[in-house]
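Colleague: Got a structure here, written out as C-alpha cells. Questions coming.
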Amino acid sequence: MNYTLARNATAAAVVVCGTLALLAAIVAVAGYAPGPALEALWRGSFGSWYSFTSATLVRATPLIIVGIATTLAFRAGVFNIGGEGQLLVGASLAAFVVLGVPAGAWSVPLGLGAGAIGGAVWAAIPAVMRHRFGVLEVITTLMLNAVAIQLVGWLVHGPLQEPTHVYPQSATIASPAQLPIIASGTRMHAGVALALLLAAGAWWFATQTAAGFRWRAVGANPHAAAVTGRIDVARTVFIVFVASGALAGLAGAVEVQGVALALYESLSPGYGYTAIAVALLARLDPRAVVPSALLFAALEAGAGAMQRDAGVPSVLVKIVEAALILVVLAFDARQRRRLAVAVVA
Amino acid sequence: MRDTAPAIVLRGITKRFGAVAALAGADVVVERGTVHALLGENGAGKTTLMRIAFGLVAPDEGTIERNGRALRLRTPLDAIAAGIGMVHQHFSLVPAMTVAENIALGGRGAFSTRDAVERVRRASVAAGLDVDPTALAADLSVSMQQRVEILKAFAHGATLLILDEPTAVLPPRDARALLSQLRDFARAGGAVVLITHKLREALSAADDVTVLRRGATVFHARVTDATEDRLVEALVGARAAPVQSTHGTPRGAPVLRAEGVGVEIDGVVRLTEASVSAHSGEIVGIASVEGNGERELLRVLVGTQPIARGSVERPARVAFIPEDRHRDALVDEFSLTENLALGDAARRRGRMAWRSLGAEAQRVMSAFDVRASAPSVLAATLSGGNQQRFVIGRALRDEPQAIVAENPSRGLDVRATAFVHDALRAARNRGSAVVVYSSDIDELVELCDRVIVCFAGRVREVPATAAAIGQALVGAAS
Chain V
0 MNYTLARNAT
10 AAAVVVCGTL
20 ALLAAIVAVA
30 GYAPGPALEA
40 LWRGSFGSWY
50 SFTSATLVRA
60 TPLIIVGIAT
70 TLAFRAGVFN
80 IGGEGQLLVG
90 ASLAAFVVLG
100 VPAGAWSVPL
110 GLGAGAIGGA
120 VWAAIPAVMR
130 HRFGVLEVIT
140 TLMLNAVAIQ
150 LVGWLVHGPL
160 QEPTHVYPQS
170 ATIASPAQLP
180 IIASGTRMHA
190 GVALALLLAA
200 GAWWFATQTA
210 AGFRWRAVGA
220 NPHAAAVTGR
230 IDVARTVFIV
240 FVASGALAGL
250 AGAVEVQGVA
260 LALYESLSPG
270 YGYTAIAVAL
280 LARLDPRAVV
290 PSALLFAALE
300 AGAGAMQRDA
310 GVPSVLVKIV
320 EAALILVVLA
330 FDARQRRRLA
340 VAVVA
Chain W
0 MRDTAPAIVL
10 RGITKRFGAV
20 AALAGADVVV
30 ERGTVHALLG
40 ENGAGKTTLM
50 RIAFGLVAPD
60 EGTIERNGRA
70 LRLRTPLDAI
80 AAGIGMVHQH
90 FSLVPAMTVA
100 ENIALGGRGA
110 FSTRDAVERV
120 RRASVAAGLD
130 VDPTALAADL
140 SVSMQQRVEI
150 LKAFAHGATL
160 LILDEPTAVL
170 PPRDARALLS
180 QLRDFARAGG
190 AVVLITHKLR
200 EALSAADDVT
210 VLRRGATVFH
220 ARVTDATEDR
230 LVEALVGARA
240 APVQSTHGTP
250 RGAPVLRAEG
260 VGVEIDGVVR
270 LTEASVSAHS
280 GEIVGIASVE
290 GNGERELLRV
300 LVGTQPIARG
310 SVERPARVAF
320 IPEDRHRDAL
330 VDEFSLTENL
340 ALGDAARRRG
350 RMAWRSLGAE
360 AQRVMSAFDV
370 RASAPSVLAA
380 TLSGGNQQRF
390 VIGRALRDEP
400 QAIVAENPSR
410 GLDVRATAFV
420 HDALRAARNR
430 GSAVVVYSSD
440 IDELVELCDR
450 VIVCFAGRVR
460 EVPATAAAIG
470 QALVGAAS
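Chains as they are written, first to last, in numbering that gives the first Met the number 0: chain V, 0 to 344; chain W, 0 to 477.
What follows is the structure in C-alpha cells.
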C-alpha cells in the first residue's frame with residue numbers, strides 16, 4: 000500500500016512537473032517570456048486562497064463529477080462520451096424545475112434531483128439504442144451533445160427566457176435554490192464538497208460493493224461476466240449508462256445552482272469533454288479523478304490569468320492539455336503491451 | 000475424364016507443429032471428374048492436409064502435383080492461380096457488402112456494380128447456385144453465405160474445390176442440395192474434396208474415399224468398393240483395451256436431467272429430442288465432433304441455453320467449467336481473489352467481503368496447487384496450467400451437486416491433465432454428478448463411467464469403449 004502510494008505520488012509529481020516544463024517550452028517557442036507567464040498561471044490557480052477556491056475548485060467541481068461519471072462508465076465498457084449533453088440537459092431540467100416551483104427549503108435537493116433525472120433521461124436514449132439495435136454509443140452520445148446544445152439555445156430564447164425577453168438566458172434562480180457558499184468571501188459553494196463526497200463514494204462503490212464489482216467485471220470481460228458470473232450483461236450496461244448520465248446531469252444542476260444561477264448557452268465551456276481527459280489522466284481510478292480534475296481546472300483558471308496579466312494567449316494551455324492526454328494514452332498502451340508480453344512468456 | 004492426370008496428388012506429406020506430428024506421410028490422389036471424401040476423426044489431420052493443398056500451411060516434407068505437374072505453393076494466391084478454391088468452416092464474407100461486391104473483392108482494375116452483378120448472375124446460373132447478387136451478405140442465411148463462398152471460388156477460376164465440413168452448418172435439406180450440386184460440378188469436369196467426419200455422407204456423395212488416422216493415410220478406395228464396416232475400422236483402428244475407471248461410490252439418484260430437449264438457434268435445429276441424465280456419484284462423458292450439438296447440450300444442462308422443447312431438472316448448485324478459459328472463465332486483469340468472487344457475482348449483495356474472499360482464494364490455491372505468490376496477483380500472470388487449476392478449484396470449492404466441464408484438459412500437459420482428472424473423480428466420489436465433454440475419445444474412456452454421443456443434434460448412449468464411441472461419432476449404426 001505504501002509502495003503504491005509512493006509510486007502514485009511520484010507519478011503525480013512527474014505529471015505536474017512535465018506539464019509545467021512543456022507549457023514553459025511552448026510559451027517560449029511562441030515568443031513570450033515563460034517566467035511571467037508561469038507566475039501568472041500560479042497566481043490565477045493556486046496563488047491565493049481566493050483564486051484556489053473561487054477559480055480552481057469551482058472549475059474542478061463539474062470536472063470531478065462528470066469525470067466520475069466517465070470513469071464508472073468506461074470501467075464498465077460503456078463509452079459514454081455524451082457527458083456534455085447530459086450535463087446541459089441536467090442543467091436545463093434543474094433550471095426549469097427550480098424556476099417553476101415556489102422556492103423553499105426543498106429547492107436545492109429538488110433542483111439537484113431534477114438535474115440527475117435530466118441527465119439520466121438523456122443517457123437513456125443512447126442506452127436504449129445500444130441495447131435494442133446495437134448502435135455504437137460513441138456515435139450516439141456525441142451526436143446528442145449537439146442536440147443538447149440546441150435544446151438549451153431554444154429554451155433560453157423561448158420558454159425559459161427571462162421575463163424582459165432581452166437576454167438569451169433564464170431568470171436568475173431564487174436564493175433558496177442556490178447552493179450555499181461554504182467559505183465566506185469566496186465563490187466556493189456546497190457543490191465542491193458534494194463532488195469530493197461523490198468521488199469518495201464512487202471509489203467505495205466500485206471497489207467495495209457487489210454491484211460495483213459486477214460493473215467492473217462486465218467492463219473487463221463481458222463473456223466471463225456472463226458465463227462464469229451469470230451476470231445479466233445487457234441489463235448492467237443499461238444501468239451503468241443511465242447512472243453515468245445521472246451523474247453528469249447532477250453536475251449540470253450544480254453549475255446552475257452554484258455558479259451560473261441561471262441557464263444560458265455558454266454554461267459549460269466543454270466540461271463534458273474535458274472530463275473525458277480528466278478520467279483518462281486518472282487512468283479510470285475514481286480516487287485519481289480529484290487531483291486530475293484539479294490539474295485541468297488549475298490550468299484553465301491559470302490560463303485566464305496568463306492572458307490577462309502576461310498577455311500570453313490562453314489557447315497555448317489547450318495544447319498542453321492535449322499533449323498531456325497523448326502522453327498518458329501512449330504510456331497506458333505501452334504498459335498493456337508489457338503485461339501481454341509477461342503473459343505470453 | 001478418368002484417363003487424364005489427377006486433379007491433385009499429395010504424396011508423403013508430413014507436418015509437425017512443435018513436438019506434435021499433425022501429418023506423418025499422408026497421401027491423397029483426387030481424380031478429375033470426381034467427388035473425393037477425406038475422412039478422419041478429430042485431429043486426424045484432414046484440415047491440415049487440405050490447408051497445405053491450398054497453400055495456407057507449408058509442409059515439412061512431401062510433394063504436390065496438379066494435373067500432372069509439380070506444384071509449389073507459397074501462399075493461397077499460388078493455389079488460386081493454379082485453379083484451387085477452398086471453402087473454410089468459418090466464412091469470410093464482409094457483412095456490409097453485397098454478394099456481388101464480396102465476390103469482386105480481391106479483383107483488379109475499375110469496379111462497376113452493374114458488371115459485377117451481371118457476372119455473379121451468370122456464374123450463379125451456370126453453377127446452379129441460386130443467389131441474389133444485390134443482397135447484403137449480413138442478411139444471408141448460413142446456406143446462402145456458403146453458396147457465395149463457393150461462387151467466390153468459381154469466380155477465381157477454381158476447377159478443384161476443397162470444402163471443410165460443409166454440411167456441418169446446414170439444415171439437412173440444404174446439405175443434400177449442396178452435395179448434389181457438388182456432384183454436378185464434378186460431372187462437368189471439376190474435382191471436389193469433401194472434408195468430413197460423417198460416414199454416410201462420404202458413402203452417399205463421394206466417388207472415392209481416403210481415410211486419415213493420426214496423420215497418415217490408412218485407407219483409400221472407390222466408394223463402391225468400401226463398406227461402412229471397413230471405413231469404421233480404418234477410422235477408429237485397433238485400440239488398446241480401455242482402462243477401467245476405478246469407481247468406489249455407487250451411483251445415486253439422478254441429479255441433473257434433460258428430457259426431450261430441443262434447441263433451435265437462428266432457425267437451425269441444434270438439438271432434437273435430447274434426453275440425458277447424470278446421477279450423483281458418476282461421471283458422464285459427452286463425445287461429439289464439434290458442431291453436432293454438444294455445445295448446446297452442455298449449456299442446456301448448465302442453464303444458460305434457452306430450450307424450445309422439453310424440460311430440464313437442475314439442482315441448486317451447478318458448476319460450469321467452460322472450454323475457453325480466457326474468454327469465459329477468467330478476467331485477466333482481475334486478481335485471483337476477484338476472479339474467485341466472479342464465480343457467483345450475480346448472487347452477491349451489499350458489500351464485498353474481500354478479506355474472507357482472499358482467504359478463500361488462498362485455500363483454493365493450496366488445495367488445487369495453484370502456484371502464485373498471493374491471491375492478489377493478476378490472473379493474467381499465471382501459466383495456463385495454474386489458471387486451469389484455479390478455475391477448477393473455484394468450481395469445486397463449495398461441493399456443487401452437479402459439475403459440467405467442457406474440454407477441461409484442453410491445452411494442458413500430462414501432469415496438469417492428471418490433476419484435472421483426479422479433481423473430477425474426487426468430486427464424483429464425494430457424490431457430485433459430473434458431466435464431461437471432451438474431444439479426445441481416450442480421455443473419455445479413461446475418465447467416464449458412461450458415455451453419450453452427440454451426432455447431428457441427437458444423443459445416444461454408447462458403451463464406454465473407444466471403438467463404440469468412434470463408430471457413433473461418425474454416425475455409423477452400432
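All C-beta atoms in this analysis are idealised placements derived from N, C-alpha and C, irrespective of residue type, glycine included. Bear in mind the structure is a predicted one, so any value in this text is a computation, not a measurement.
1. List the residues of chain W whose Cβ lies closer than 7 Å to the Cβ of residue 230/V, in chain order.
2. Helix, strand or coil: which one does DSSP assign to residue 453/W?
3. Would you check if the stretch 315 to 331 of chain V and the stretch 60 to 75 of chain V touch, i.e. whether three or more CB-CB distances between them fall below 8 Å?
4. Along the stretch 207 to 228 of chain V, what residues have a CB closer than 9 Å to any CB found in chain W?
5. Hey, quick one: how far does the alpha helix (DSSP H) through residue 270/V stretch, first residue to last?
6. Quick one: which residues of the stretch 282 to 303 of chain W get their C-beta closer than 8 Å to a C-beta of chain V? List them in chain order.
7. With C-beta atoms as the reference, is residue 55/W less than 9 Å away from residue 85/W?
8. Buried or exposed: which applies to residue 166/V, given that a residue is buried once 16 or more other Cβ atoms fall within 10 Å of its Cβ?
9. Taking the continuous beta strand (DSSP E) assigned at residue 296/W, which residues delimit it?
10. What residue ranges within the stretch 81 to 139 of chain W form continuous beta strand (DSSP E) runs of no fewer than 3 residues, ordered along the chain?
11. Under 7 Å Cβ to Cβ from residue 3/W, same chain only, skipping five residues before and after it: list those, please.
12. Taking its Cβ as the centre, do 16 or more other Cβ atoms sit within 10 Å of residue 16/V, making it buried, or is it exposed?
13. Would you say residue 57/W and residue 68/W are within 9 Å of each other, going by their C-beta atoms?
14. Compare the Cα-Cα distances from residue 68/V to each of 283/V, 309/V, 144/V and report the closest residue.
15. Name the residues in the stretch 340 to 369 of chain W whose C-beta lies less than 9 Å from a C-beta of chain V; which are they?
16. Whose CA, out of 220/V, 54/V, 92/V, lies closest to the CA of residue 188/V?
17. With residue 92/W and residue 136/W assumed to form a contact (beta carbons below 8 Å), what rounded beta-carbon distance in angstroms separates them?
18. Leaving out the 5 sequence neighbours to the left and right, which residues in its chain are closer than 6 Å to residue 94/V when beta-carbon positions are compared?
19. Whose Cβ in chain V lies nearer than 9 Å to the Cβ of residue 326/W?
20. With H, G and I counted as helix, E and B as strand and the rest as coil, what does DSSP make of residue 142/W?
21. Below 8 Å, can you find three or more Cβ-Cβ pairs linking the stretch 203 to 217 of chain W to the stretch 20 to 39 of chain W?
22. Use the C-beta contact count for residue 121/V: other C-beta atoms within 10 angstroms, 16 or more gives buried, fewer gives exposed.
23. Give the list of continuous alpha helix (DSSP H) stretches no shorter than 4 residues that lie fully inside the stretch 194 to 242 of chain W.
24. Determine contact between the stretch 313 to 321 of chain W and the stretch 389 to 401 of chain W, defined as no fewer than three beta-carbon pairs at a distance below 8 Å.
25. Closer than 8 Å by beta-carbon distance: list the chain V residues that pair up with residue 321/W, in chain order.
26. Within this structure, are the beta carbons of residue 373/W and residue 291/W separated by less than 9 Å?
27. Taking residue 448/W and residue 281/W to be in contact with their CB atoms under 8 Å, please state how far apart those CB atoms are, rounded to whole angstroms.
28. Apply the 10 Å Cβ neighbour rule to residue 351/W and answer buried if 16 or more other Cβ atoms are within range, or exposed otherwise.
29. Of all Cβ atoms in chain V, is any one closer than 9 Å to the Cβ of residue 397/W?
30. Can you check DSSP and say which residues form a bridge with residue 256/W?
31. So what's residue 186/W in DSSP terms, helix, strand or just coil?
32. Please name the residue, chosen from 141/W, 194/W, 118/W, 90/W, that lies closest to residue 48/W on a Cα-to-Cα basis.
33. Can you find a CB in chain V that lies within less than 9 Å of the CB of residue 38/W?
34. Among the residues of its own chain, which have a CB less than 8 Å from the CB of residue 451/W, if the five just before and after it don't count?
35. Would you check if the stretch 131 to 139 of chain V and the stretch 264 to 275 of chain V touch, i.e. whether three or more CB-CB distances between them fall below 8 Å?
36. Determine the extent of the beta strand (DSSP E) in which residue 7/W is found, giving its start and end residues.
Modeller: So, to answer that:
1. 344, 345
2. strand
3. no
4. 207, 208, 209, 210, 211, 212, 213, 215, 216, 219, 220, 222, 223, 224, 225, 226, 227, 228
5. 270 to 280
6. 303
7. yes
8. exposed
9. Per DSSP, residue 296/W belongs to no beta strand (DSSP E); it is in the alpha helix (DSSP H), 293 to 301.
10. 83 to 86
11. 31
12. exposed
13. no
14. 283/V
15. 340, 341, 342, 343, 344, 345, 346, 347, 348, 349, 350, 351, 353
16. 54/V
17. 4 Å
18. 169, 255, 262
19. 220, 222, 223, 226
20. helix
21. yes
22. buried
23. 198 to 204, 227 to 235
24. yes
25. 226, 227
26. no
27. 5 Å
28. buried
29. no
30. 276/W, 312/W
31. helix
32. 194/W
33. no
34. 275, 283, 284, 285, 286, 458, 459, 460, 461
35. no
36. 7 to 16
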